[in-house]
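Under this note's numbering, the sequence shown is numbered contiguously, ending at residue 233.
Backbone N, C-alpha and C define an ideal beta-carbon position, used for all residues, glycine too.
Only a predicted model underlies this, so the values are computations on that prediction, with no experimental measurement involved.
Working notes, structure below.
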Amino acid sequence: MTKILLVRHGHVAGISPERFRGRADLTLTPEGRRQAEMTARRISATWQPTAIYASPLSRCQDTGAAIGQPLGLKPVPLEGLVDIDYGKWQGMTPEEAKARWSSAVDLWYRAPDEIKIPGGESLQEVRARVATALQTVRSAHPNETIVLVAHDSVNRVILLHALDASLAHYWCIRQHPCAINEIECDENGFVIVSVNQTDHLMGL
30 MTKILLVRHG HVAGISPERF RGRADLTLTP EGRRQAEMTA RRISATWQPT
80 AIYASPLSRC QDTGAAIGQP LGLKPVPLEG LVDIDYGKWQ GMTPEEAKAR
130 WSSAVDLWYR APDEIKIPGG ESLQEVRARV ATALQTVRSA HPNETIVLVA
180 HDSVNRVILL HALDASLAHY WCIRQHPCAI NEIECDENGF VIVSVNQTDH
230 LMGL
């Protein structure tokens with residue numbers, strides 16, 4: 030059985046107040062770097078990962094590098110983990126996007142599985158690429174522990190995929206910056222051990 034430690038990247042600008050960050054290559058804030066360091070300490074003290082894969086965007090690569098430092102590992106870019114493509118909404122606040130695409134933004138927050146973001150991706154497209162990424166890393170690391178560092182949207186989709194659940198439940202899952210999710214998988218499927226662990230960040 031392969032154990033996957035699924036981590037969201039650390040804090041970046043645009044989380045609060047909210048913007049559609051997507052493919053913007055944002056760097057970690059000082060808070061985000063501290064979160065990544067604390068996550069690194071938790072992972073190195075609790076598990077023995079043999080590999081780290083991360084979205085190619087800087088916020089995930091830098092979080093992965095921090096996690097890998099005490100383990101002697103470097104994050105491998107994995108395109109399938111890149112954030113959702115927000116298309117024409119990229120960089121906007123929800124209010125700014127709603128001023129131009131009112132019905133589409135309403136549908137995104139009401140029934141996210143029913144919309145393809147204008148000029149961007151649908152959740153079904155995200156699910157297809159993360160399923161391929163999961164199969165790739167599982168096949169490469171049987172009976173090992175690996176770390177995947179990705180994004181809020183991508184992590185939600187991975188967890189729904191592992192549960193074989195509808196993408197309609199997208200908003201039912203929370204992923205805080207540098208949260209850890211523990212997943213086990215083999216040829217028979219997935220077992221979710223924990224979701225959105227953040228106790229290692231207490232004191233920030």
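{"Check": "Beta-carbon separation (whole angstroms), residue 189 vs residue 110, contact threshold 8 Å", "Outcome": "Wrong, their Cβ atoms sit about 15 Å apart, outside the cutoff."}
{"Check": "Separation of residue 209 from residue 107, as counted between CA atoms", "Outcome": "18 Å"}
{"Check": "Host beta strand (DSSP E) of residue 211 (start-end)", "Outcome": "209-215"}
{"Check": "Beta-carbon proximity of residue 78 to residue 174, cut-off 7 Å", "Outcome": "yes"}
{"Check": "Continuous beta strand (DSSP E) stretch holding residue 226: start and end", "Outcome": "218-226"}
{"Check": "Limits of the unbroken alpha helix (DSSP H) element including residue 75", "Outcome": "59-75"}
{"Check": "Counted within 10 angstroms of its Cβ, other Cβ atoms place residue 124 as buried (16 or more) or exposed", "Outcome": "exposed"}
{"Check": "Chain-order list of residues whose beta-carbon lies under 6 Å from that of residue 103 (same chain, five-residue window excluded)", "Outcome": "97"}
{"Check": "Test item: CB-CB of residue 67 and residue 229 under 7 Å", "Outcome": "yes"}
{"Check": "Below-7 Å beta-carbon distance, residue 145 vs any chain C residue", "Outcome": "Judged by its chain identifiers, the structure shown contains no chain C, having just a single protein chain."}
{"Check": "Residue 166 to residue 58 span [Cα, whole Å]", "Outcome": "29 Å"}
{"Check": "For residue 105, three-class secondary structure by DSSP", "Outcome": "strand"}
{"Check": "Minimum C-alpha distance to residue 217 - residue among 46, 193, 65 and 154", "Outcome": "193"}
{"Check": "Three-way DSSP call (helix, strand, coil) for residue 165 in this model", "Outcome": "helix"}
{"Check": "Alpha carbon of residue 113 to alpha carbon of residue 53, nearest angstrom", "Outcome": "10 Å"}
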